[in-house]
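Undergrad: Residue numbers (this note's numbering), protein chains in the order written: chain A, 321 to 749; chain B, 2 to 301. Every residue gets a Cβ at the ideal spot worked out from N, C-alpha and C, and that includes glycine. The structure that follows is given in the form of C-alpha cells.
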C-alpha cells in the first residue's frame, strides 16, 4: 500500500512537471525563428485567393514578382473558405497576437478603418510617391482611398465595379421587351420589370442579404446621384431625409419583383438564374462576367451588361489591396511585394487572369477581354464612388448594422419608416 | 498534519493537471468573457488597447435585452428549443416503443434510425437548405415540389423564410438527426426494466395501458430527463445547422449564437461576450438543477 502511494505521488509529480514543461515549450515556439529583422529574403503574403480565377490571378502576380525581385522568396499564406471570412478570422487572431504576416489582402477604403484604429497597419502614402502611383491612379480613386488627414493605408491590386445590370436578352424578347433598350432611370426600368412580373417571370434575381445590400447601394446611387450618395458616408447627406425615403421606396418595389428563395442563395446562384433564363435581370458586381464566360456565353448575344439604370457615368468601385502591417517581420520584402502589386506588369498580369481591371489607367485595354475593355473605359472617364457592400464606403460594424436592418426589412419584420431610422442609426455609430 | 497530507496529497497531485487545465481554459475564460462583457469594448481600437475601454457594468446586457432584434433572437431560440425537444422526444419514444417489442430486423431499424446522428449538422444542413427551398408553384423545388407531385399543393410554404416561425423549419432537420439518439436512450431504458416487473403487473391484472402508466413510465423517467437535458442544451447552443441552412445576416433565423458571431465579426467584443454570458446563464438554468438532483441521488 505504501509503495503504491509513493508511486502515485511520483506519477502525479511527473504529470504536473510534464505539463509545466510543455507550457514553457509552447511559449518558446512563438518567436517563429525569423531571420534578422528587416531582411528582405522572403515575404509572406496573406490572402483568401485560394481557388479559381483568384488563384490564377495570384499565380500570375507571383510570376511577375519573381521576375522583378528574384532574390526574395514568396511565401503563400492563402487561407481558403467562406469568401474570405475564414481568412479574416485567422488574420485577426494573428494581428492581436503581434504575429502579423508581411502583407495581407484587404478591401480598400473604409474597411481598413478598424485596422487603422487598432494601429495594425502603416501609412503607405510615401510608397505612392516612391513608386510613382499617384499619377497613374485616377485622382478620384486616390481621394476615395485617402483618410481625412491624407494618409493612404493600402495599394490596390485590382478594381471591380458593383453597379452592373446583367440581363438575358432571350427572356426579354420573349416577353416583348427590347433587349437593346437603355433605361434613363429606375422608373423606366421598373415599368419593364412590372411587365415581366405580370408575365410570371422572375423579373429580377437577387440572393442573400449582402446581394440585397449591393442592390440597395445601386438604388441609392441611382436616386441620389454620386455626390449625395458619397455624402451618406461622410454625414453630409441626411439618412432621414425625403430623398433617401424615395430611394428606399424604389428599393422596396424592386424587391417585390425578386425571387422568393433569395435568402438561401449566394451570388453565383442568383446570377445563374439569368444565365439559365429563369430570371430576366440581375444586379451584381462585374466579377459575375466570369460566370457567364465560363459557360461560353457571349456578351451582347447571350447576355448583356450595362450600368444599373440611373447610374450611367458612375463607377461604383471596390478594390482588393495590400497593406503593410505594423511589426511585419520582413518589411523590405513587403515593400517589394507592394511595388510589384502597384507596377504596370503586375497589375496587367493579375487582372487578365482574375477578370477584374487594373487600378492604373496606363494599361493597354487591348490586352483585356471585351467586357473588361468597357470597364477600363468607364473607370477612366466616370465619376468614381465607393461601394458599401464591399467595404469601400463604410467600416465593417456599419456594414453589418446596415445588413441586419436590410434583412429585417426584406423579410417583412420592419416597415419602411423603421428601416430608414435603423439605417440612420447604423451610420451614426 | 503530515499524515493528512500523505492521505490527501497524492490524489490531489494526480488531479492537479486536469484541475489546472479546466480552471484556466474553462473557468478562467468564463471570467475573462464576463469581464469583457462589462466593458464598453465595442471597437477594434479598444480591443487592441489603442483606445481605453472602461467598465460600464450591466449596460450591455440592459441594451441587448431591451433591443427588439435581440428579443427576436431569444424568441427564436425558445421556439426552436420547444419544437426540437417535443419533436425528438415524441419521435424517439415512438421508435423505441415499436422496437422494444421483439421485431424482425430490429438491428437494421435501430441503425437506420440512428444513422442520421452520424452526419454532421453542416453536411445535413446543405442538403436541407435545398429541401427547404422557399420557392412555390412554378419555381418550386425540394419539399414544396414534392407536395405538388403528391397533390398536396396547399402544404407548400416558405419554410425558414417566414419571419415569425421560420426557425421552426430549421428544427425539422434537427429532429430528423437527433430522434434516433433519443430512441437509443429510451430503448436502453426499456431494456433496463426487468421482465419480472411486467409479469407481476400482468399477474395482478393490469391492462396494457396501466402497465405502461404505472410500471414502465416511472422507470423511464430518469432516461427521459437525461434526454431532455442533452437535447435541450444542444438546442440552446444551436449554431452550425442554422448557419449552413440560412446565413448569419438573415433576420428570420437569428438566434443568440448567431448574434454573438455577427458581433464578433464587427469587432464588438463586449456585446459578443454579453451574448455569450446570457447563453451560458440560460444553459445553466437548465443544467444546474439536473446536476443537483443527480448529485443528491448518488449520495443516497
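I'd like to confirm the pairing. Which residues does DSSP put opposite residue 427 of chain A in its beta bridges?
TA: Beta-bridge pairing links residue 427 of chain A to A:640.
Undergrad: Where residue 632 of chain A and residue 706 of chain A are concerned, what is the direct C-alpha to C-alpha distance, given to the nearest angstrom?
TA: Approximately 15 angstroms, taken between the alpha carbons.
Undergrad: Against chain B, which members of the region 696-723 of chain A pass a CB distance test of less than 9 angstroms?
TA: Residues 715, 716, 717, 718, 719, 720, 721 and 723.
Undergrad: When you compare only the Cα positions, how much space is there between residue 116 of chain B and residue 100 of chain B?
TA: Near 16 angstroms, if we compare the C-alpha coordinates of residue 100 of chain B and residue 116 of chain B.
Undergrad: For residue 635 of chain A, name the three-state secondary structure that DSSP assigns.
TA: In the structure shown, residue 635 of chain A sits in a strand (DSSP, three-state: E or B).
Undergrad: In the region 403-429 of chain A, which residues sit with their C-beta less than 9 angstroms from some C-beta in chain B, listed in chain order?
TA: Cβ contacts with chain B: 405, 408, 409, 412, 415 and 416.
Undergrad: At the level of alpha carbons, what is the spacing between residue 477 of chain A and residue 45 of chain B?
TA: If I take the Cα positions, the gap works out to 25 angstroms.
Undergrad: Determine whether the beta carbon atoms of residue 97 of chain B and residue 191 of chain B lie at a separation below 8 angstroms.
TA: Taking 8 angstroms as the Cβ cut-off, residue 97 of chain B and residue 191 of chain B qualify as a contacting pair.
Undergrad: Is it buried or exposed for residue 28 of chain B, if we count other Cβ within 10 angstroms and need 16 for buried?
TA: Burial call: exposed.
Undergrad: Residue 509 of chain A: which of A:528, A:639, A:550 and A:571 sits nearest, CA to CA?
TA: Ranking A:528, A:639, A:550 and A:571 by Cα distance to residue 509 of chain A puts A:571 first.
Undergrad: Say whether the region 79-87 of chain B touches the region 213-223 of chain B, bearing in mind that this needs 3 or more beta-carbon pairs closer than 8 angstroms, one atom from each stretch.
TA: The answer is no - the region 213-223 of chain B does not touch the region 79-87 of chain B, with fewer than three Cβ pairs under 8 angstroms.
Undergrad: Under 8 angstroms between beta-carbons, which chain A residues line up against residue 252 of chain B? List them in chain order, please.
TA: Within chain A, the residues near residue 252 of chain B are 724, 727, 728, 731 and 733.
Undergrad: So what's residue 486 of chain A in DSSP terms, helix, strand or just coil?
TA: Strand at residue 486 of chain A.
Undergrad: Could you work out which residue in A:604, A:542, A:583 and A:546 is closest to residue 566 of chain A when comparing CA atoms only?
TA: The candidate whose alpha carbon is nearest that of residue 566 of chain A is A:542.
Undergrad: Counting Cβ pairs closer than 8 angstroms, one from the region 160-171 of chain B and one from the region 116-125 of chain B, do we hit at least three?
TA: Judged by Cβ distances under 8 angstroms, the region 160-171 of chain B makes no contact with the region 116-125 of chain B, as fewer than three pairs qualify.
Undergrad: When the Cα atoms are used, what is the spatial distance from residue 296 of chain B to residue 285 of chain B?
TA: Their Cα atoms are separated by approximately 16 angstroms.
Undergrad: Within 8 angstroms of any Cβ in chain A, is that where the Cβ of residue 72 of chain B sits?
TA: No, because no Cβ of chain A sits closer than 8 angstroms to the Cβ of residue 72 of chain B.
Undergrad: Measuring only between beta-carbons, confirm whether residue 285 of chain B sits less than 8 angstroms from chain A.
TA: No - not a single Cβ of chain A is within 8 angstroms of the one on residue 285 of chain B.
Undergrad: Within 10 angstroms of the Cβ of residue 103 of chain B, are there 16 or more other Cβ atoms? Answer buried if so, exposed if not.
TA: Classification for residue 103 of chain B: exposed.
Undergrad: Check residue 600 of chain A in the structure and name its three-state DSSP category.
TA: Residue 600 of chain A falls in the strand class under three-state DSSP.
Undergrad: Hey, would you say residue 270 of chain B sits closer than 8 angstroms to residue 33 of chain B, going by beta carbons?
TA: Not in contact: residue 270 of chain B and residue 33 of chain B (Cβ atoms no closer than 8 angstroms).
Undergrad: Taking beta-carbon pairs under 8 angstroms, can you tell me which members of the region 518-537 of chain A lie near chain B?
TA: Listed by position, the residues of the region 518-537 of chain A near chain B (Cβ gap below 8 angstroms) are 520, 522, 528, 529 and 530.
Undergrad: For residue 702 of chain A, tell me which candidate among A:483, A:453 and A:375 has the shortest Cα-Cα distance.
TA: Here the closest residue by C-alpha is A:483.
Undergrad: Using 10 angstroms around the beta-carbon of residue 215 of chain B, count the other beta-carbons present and answer buried if the total reaches 16, otherwise exposed.
TA: Classification of residue 215 of chain B: exposed, given that the 10 Å Cβ count is below 16.
Undergrad: Starting from residue 362 of chain A and walking both ways along the beta strand (DSSP E), at which residues does that stretch end?
TA: Looking at the DSSP string, the run of the beta strand (DSSP E) that includes residue 362 of chain A is 362-366.
Undergrad: When the Cα of residue 180 of chain B is compared with those of B:114, B:289, B:226 and B:129, which residue comes out closest?
TA: It is B:114 whose Cα lies nearest to the Cα of residue 180 of chain B.
Undergrad: With a threshold of 16 other CB atoms inside 10 Å of the CB of residue 300 of chain B, please say whether the residue is buried or exposed.
TA: When all chains shown are included, residue 300 of chain B counts as exposed.
Undergrad: Using a 10 Å radius around the Cβ and a threshold of 16 neighbouring Cβ atoms, would you call residue 348 of chain A buried or exposed?
TA: Confidence in residue 348 of chain A is poor, its pLDDT being 35 and thus under 50, which makes the residue's placement unreliable; the coordinate value appears in the next sentence. Flag for residue 348 of chain A reads exposed.
Undergrad: Pull up the DSSP beta-bridge partners for residue 73 of chain B, would you.
TA: None, per the DSSP bridge assignment.
Undergrad: For the beta strand (DSSP E) that contains residue 400 of chain A, what are its first and last residues?
TA: Careful: residue 400 of chain A lies outside any beta strand (DSSP E) and carries neither H nor E.
Undergrad: Identify which residue in A:712, A:374 and A:684 has its Cα closest to the Cα of residue 700 of chain A.
TA: If we check each option's Cα against that of residue 700 of chain A, A:684 comes out closest.
Undergrad: If you draw a straight line from the alpha carbon of residue 536 of chain A to that of residue 568 of chain A, how long is it in whole angstroms?
TA: Taking the straight line joining both Cα atoms gives about 8 angstroms.
Undergrad: Interface residues of chain B around residue 579 of chain A at Cβ under 8 angstroms?
TA: Per Cβ cutoff of 8 angstroms: 136 and 140.
Undergrad: Is any beta-carbon of chain B found at less than 8 angstroms from that of residue 437 of chain A?
TA: Answer yes: the Cβ-Cβ gap between residue 437 of chain A and chain B drops below 8 angstroms somewhere.
Undergrad: Would you please verify whether the beta carbon of residue 592 of chain A is less than 8 angstroms from any beta carbon of chain B?
TA: No - not a single Cβ of chain B is within 8 angstroms of the one on residue 592 of chain A.
Undergrad: Is the Cβ of residue 754 of chain A closer than 8 angstroms to any Cβ of chain B?
TA: Only positions 321 to 749 of chain A appear in the structure, and residue 754 of chain A is not among them; the question remains open.
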